[in-house]
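For the sequence shown, the numbering used here gives the first residue as 295, with consecutive numbering after it. Just so it is clear, CB atoms sit at the ideal spot from N, CA and C, and this is done for glycine as well.
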Amino acid sequence: MSRVNETLPERDATLLMSSRLWPVLAHRMHRMAQQGVPFAAYLARIAPDTAAWRTGPPSGIAARLLLATHHALTTPLDQALPTGPRVSTTAARARSTAPDTAPPKQPAPTEPAVPAHRQQTAPAPRQGRGR
C-alpha cells in the first residue's frame, strides 16, 4: 500500500485500494515484488493527468482505473498500454448480432436429396434359427 501511495496521486490510490478488486491487485503486486519486478515503475504509467483512463464519465472512473491498473501490471514496460479493454476477436464474433457477409457453407451432398420415406433400403436380415 505504501508503494501505491508513493506512486499514484492520493485520490487515485484511495479509489484503487477501496475497490472490491484491490486484494487481487495487491496480491499481483506482492508477487511482482517477490520476483524482484519493480511494480512501481509499472504503476507509474497510469499516474499522469493525461492517462487515457481519466477520460470519460465520472461514474465509470473506478472501473477505468481498475482496468488501467490491471493493464499496467500485465503489460511489459517496453510496450504501450492499451487504451481500451483487450478484445477477444473469437468471442466478439460469437456474440455479434451483425449479419455474416460470407455466404453460408453448404455441406457437400453425400446421398441423393430424396426424402427419407422414399429411399429404398435393403431388407432387414432374418432373425431366428439358421437353416
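For S313 and V331, what's the separation of their Cα atoms in angstroms? Approximately 24 Å between the Cα atoms of the pair.
By how many angstroms is the C-alpha of Q329 removed from the C-alpha of T383? Within the model, the alpha-carbon separation for T383 versus Q329 is close to 32 Å.
Please report the distance separating the alpha-carbon of A334 from that of R389. Per the coordinates, the alpha-carbon of A334 lies some 37 Å from the alpha-carbon of R389.
Cα-Cα, which of L367, T368, T301 and A346 is closest to R358? Taking only the C-alpha atoms, the option nearest R358 is A346.
How is G354 classed by DSSP in three states: helix, strand or coil? DSSP places G354 in helix when its eight states are reduced to three.
If you measure between the beta carbons of I340 and L315, is that distance less than 9 Å? No; because the gap between Cβ atoms is not below 9 Å, this pair is not in contact.
On a CA-only basis, which of L309, A320 and R305 is nearest M295? Give me that one, please. Looking at the Cα atoms, A320 is the closest of the given residues.
Between the Cα of T368 and the Cα atoms of G350, L337 and R387, which residue gives the shortest distance? Per the C-alpha coordinates, the member of G350, L337 and R387 positioned closest to T368 is L337.
Cβ shell of T363 (< 8 Å), same chain only, five flanking positions each side left out: Exclusion of the five residues before and after T363 leaves L310, L319, L337 and I340 as the residues of its chain whose Cβ lies within less than 8 Å of its Cβ.
I want to see whether chain C comes within less than 9 Å of A341, judged by CB atoms only; does it? Looking at the structure shown, chain C is missing, and only one protein chain is on hand.
Please say whether M326 and V298 have beta carbons closer to each other than 9 Å? At the C-beta level, V298 and M326 stay beyond 9 Å of one another.
Going by C-alpha to C-alpha distance, which of D372, P370, R305 and T391 sits closest to P342? When only C-alpha atoms are compared, the closest one is R305.
Given P317 as reference, the closest of P370, A374, E300 and L360 once Cα atoms are compared: Cα-wise, what sits closest to P317 is L360.
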